[in-house]
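A.B. asks: When we follow our numbering, the leftmost residue of the sequence shown carries the number 789, and every step to the right adds one.
Ideal Cβ positions, reconstructed from N, Cα and C, are used throughout, including at glycine.
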Amino acid sequence: MDSNSKVFCDSLVALDVNHYLSSGDFGTADLELALYDLSDMLEGQELTDVLAEIFRFYEKHPDIELGNPGPLVTLMENSGINYVPALLTSLESSPTYVTVNILARVVNTDIDNVDKVRYLAIIDAIAKSTDANESAIASAKEYLEHRALTWGGTQVVN
């Protein structure tokens with residue numbers, strides 16, 4: 789792991805999310821700005837070493853919503869790296885509001901139909917879960933309902 793990646797990971801772990809979220813009307817915006825500042829450290833760099841830490845951040849803060857898609861998701865999407873394997877690992881262990889939405893964004897891209905069906909099945913399983921985080925379940929249900937209304941019920945995995 790290079791020094792920028794290490795500093796990024798250490799800073800992400802040390803980030804006092806609760807302080808930001810409890811600091812009034814601008815707390816969420818300030819947290820989002822702090823994450824953009826961290827993301828700027830890695831702009832244009834290889835992200836393989838930091839993916840697990842990004843997904844751990846979301847697992848540690850499962851109800852957090854920081855923009856759409858937010859600074860860390862933007863960083864991953866703009867990097868060109870294949871973050872989907874790390875995303876799937878995170879979803880398997882602890883789905884969150886953000887990670888469900890990331891997978892939904894992947895489904896909406898031009899991917900092959902086999903992967904699309906597989907990823908929709910994962911979202912469907914989260915929507916039907918009784919063990920997953922409530923915001924993850926709600927996000928999965930909302931996405932599947934939107935998808936059914938937009939593209940028809942045949943698109944939803946049963």
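In three-state DSSP terms, what is Leu835?
C.D. replies: As a first step, residue 835 is located in the sequence shown; it is residue number 47 there, counting from the start. Leu835 falls in the coil class under three-state DSSP.
A.B. asks: Determine the DSSP secondary structure at Gly858, reduced to helix, strand or coil.
C.D. replies: Along the sequence shown, one-based indexing puts residue 858 at 70. Coil.
A.B. asks: Would you mind sorting Glu820 into buried or exposed? The rule is 16 or more other CB atoms within 10 Å of its CB.
C.D. replies: Locating residue 820 in the sequence shown gives position 32, counting from the first residue. Classification for Glu820: buried.
A.B. asks: Using only the alpha-carbon positions, how far apart do Ala822 and Asp900 sit?
C.D. replies: In the sequence shown, the residue the question calls residue 822 occupies position 34. In the sequence shown, the residue the question calls residue 900 occupies position 112. Approximately 36 Å, taken between the alpha carbons.
A.B. asks: Would Ile842 pass as a contact of Leu809 if the rule is Cβ separation under 9 Å?
C.D. replies: On the sequence shown, position 54 is the one that residue 842 refers to. On the sequence shown, position 21 is the one that residue 809 refers to. For the 9 Å CB-CB criterion, Ile842 and Leu809 do not form a contact.
A.B. asks: Can you tell me where the alpha helix (DSSP H) holding Thr887 begins and where it ends?
C.D. replies: Translated into positions along the sequence shown, residue 887 becomes position 99. Element bounds for Thr887: 885-895.
A.B. asks: For a quick check, are the C-beta atoms of Ala924 and Thr884 less than 9 Å apart?
C.D. replies: Numbered from 1 along the sequence shown, position 136 holds the residue referred to as residue 924. Numbered from 1 along the sequence shown, position 96 holds the residue referred to as residue 884. The answer is yes: Cβ separation under 9 Å.
A.B. asks: Do you know whose CA, among Lys904, Ser793, Ala817, lies nearest Leu830's CA?
C.D. replies: To locate residue 830, count along the sequence shown from 1; it is residue 42. If we check each option's Cα against that of Leu830, Ser793 comes out closest.
A.B. asks: Quick one: any contact between the segment 855-875 and the segment 887-904, if contact means 3 or more CB pairs under 8 Å?
C.D. replies: yes
A.B. asks: Which two residues bound the contiguous alpha helix (DSSP H) that contains Ser923?
C.D. replies: Sequence index remark: in the sequence shown, residue 923 carries index 135 (1-based). 922-939 is the span of the alpha helix (DSSP H), which, as asked, contains Ser923.
A.B. asks: Since Val894 and Leu908 should fall inside the 8 Å C-beta cutoff, what is the C-beta to C-beta distance between them, to a whole number of angstroms?
C.D. replies: Indexing the sequence shown from 1 puts residue 894 at position 106. Indexing the sequence shown from 1 puts residue 908 at position 120. For a cut-off of 8 Å, the C-beta gap from Val894 to Leu908 is around 10 Å, too long to register as a contact.
A.B. asks: Label Leu937 either buried or exposed according to how many other C-beta atoms from any shown protein chain fall within 10 Å of its C-beta, with 16 as the threshold for buried.
C.D. replies: Translated into the one-based positions of the sequence shown, residue 937 becomes position 149. Exposed is the call here.
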